[in-house]
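A.B. asks: Numbering that gives the first Met the number 0 puts the first residue of the sequence shown at 0, with every later residue one more than the last. For each residue, glycine too, the CB sits at the ideal point set by N, CA and C.
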Amino acid sequence: MFIYTDLLQAALCCTASQEDTRKILRGVHITPTHIQATNGIAAVSMSHGSKTEIEGVFILHGDIPASAEGTVFQKIGSQWIAAHMDDYERPVGHNELELVEGKFPDLSKLLPTEEEPCTEFPPFAAELLALPYRMFGKEFASMPVNFKLFGPEKPCQVLFNVAVNSFYGDPVLVIMPMKSTVFELHRKAMEE
């Protein structure tokens, strides 16, 4: 299965760390139509545009070469690999993939069906607000983003412009806000 490397790298921004005990969250979920990832506080789903029968969660071991433009997920014998190529379809490296057993979270159930009014913008971890830049910033450093709020402590959808949507397969990026009392809790902790 062929996928643009930029999509893979964007999805990897939302995977859990290698130390996370929830192994299924350390990989990217490939479906016949989408590439998805979540670490429990952020989740992304992007259409990859390939025709594939592959379905599974793959942990990518190692770094993707900087010159990689396209990536092919393939099974050689019993081993899955991600073979990377440049603009001229020349091989530039590969990564070993680890197929993870288990059920990946259903990202379609993340967003509530009803919105609750928000009197103020909910607090978010700074690392989550940096995700759009980390995922898409190389080409779209000054892209506008907007937020669709579903309630004070409910998941929030980050909305992108038409350029990001067309280049990155209509990404659905969902981030979780912090508790509304987080500033008060931090203030109390600093006073102790």
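So what's Asn-94 in DSSP terms, helix, strand or just coil?
C.D. replies: On the sequence shown, residue 94 is found 95 positions in, with the first residue counted as 1. Strand, per DSSP.
A.B. asks: What's the gap between the Cα of Leu-11 and the Cα of Gly-136?
C.D. replies: Translated into the one-based positions of the sequence shown, residue 11 becomes position 12. Translated into the one-based positions of the sequence shown, residue 136 becomes position 137. It is roughly 14 Å from the alpha-carbon of Leu-11 to the alpha-carbon of Gly-136.
A.B. asks: Measuring straight from C-alpha to C-alpha, what distance separates Lys-178 and Pro-111?
C.D. replies: Indexing the sequence shown from 1 puts residue 178 at position 179. Indexing the sequence shown from 1 puts residue 111 at position 112. Using only the alpha carbons, I get a separation of about 17 Å.
A.B. asks: Taking Ala-9 as the reference, give the member of Leu-109, Val-27, Asp-86 with the closest Cα.
C.D. replies: Within the sequence shown, the letter at position 10 stands for residue 9. If we check each option's Cα against that of Ala-9, Val-27 comes out closest.
A.B. asks: Which of the three DSSP states, helix, strand or coil, is assigned to Leu-109?
C.D. replies: Here residue 109 refers to the residue found at position 110 of the sequence shown. In this structure, Leu-109 counts as coil in the three-state DSSP scheme.
A.B. asks: Would you mind stating whether Leu-24 and Gly-39 have Cβ atoms separated by less than 8 Å?
C.D. replies: Residue 24 sits at position 25 when you count from the first residue of the sequence shown. Residue 39 sits at position 40 when you count from the first residue of the sequence shown. Yes, the pair counts as a contact, with Cβ atoms nearer than the cut-off.
A.B. asks: If Met-84 and Ala-67 are in contact, beta carbons under 8 Å, what's the gap, nearest whole angstrom?
C.D. replies: Position 85 of the sequence shown, counted from the start, is the residue given in the question as residue 84. Position 68 of the sequence shown, counted from the start, is the residue given in the question as residue 67. That pair is a contact at about 7 Å.
A.B. asks: Report all residues from its chain with a CB closer than 8 Å to the CB of Cys-117; omit the five preceding and five following residues, and keep chain order.
C.D. replies: Counted from its first residue, the sequence shown places residue 117 at position 118. Leu-148, Gly-150, Pro-151.
A.B. asks: Which two residues bound the contiguous beta strand (DSSP E) that contains Ala-15?
C.D. replies: On the sequence shown, residue 15 is found 16 positions in, with the first residue counted as 1. Premise fails: Ala-15 is in no beta strand (DSSP E) and is neither H nor E.
A.B. asks: To which residues of the same chain is Val-56 closer than 6 Å at the C-beta, ignoring the five residues directly before and after it?
C.D. replies: For this step, residue 56 is matched to residue 57 along the sequence shown. In the same chain as Val-56, and ignoring 5 residues on each side of it, the C-beta atoms closer than 6 Å to its own belong to Ile-23, Gly-26, His-28, Val-99, Phe-103, in chain order.
A.B. asks: Near Phe-139, what residues of its chain come up, given a Cβ to Cβ distance below 7 Å and the 5 sequence neighbours on each side ignored?
C.D. replies: By 1-based counting over the sequence shown, the position of residue 139 is 140. Only Ala-162, Val-163 meet the Cβ criterion.
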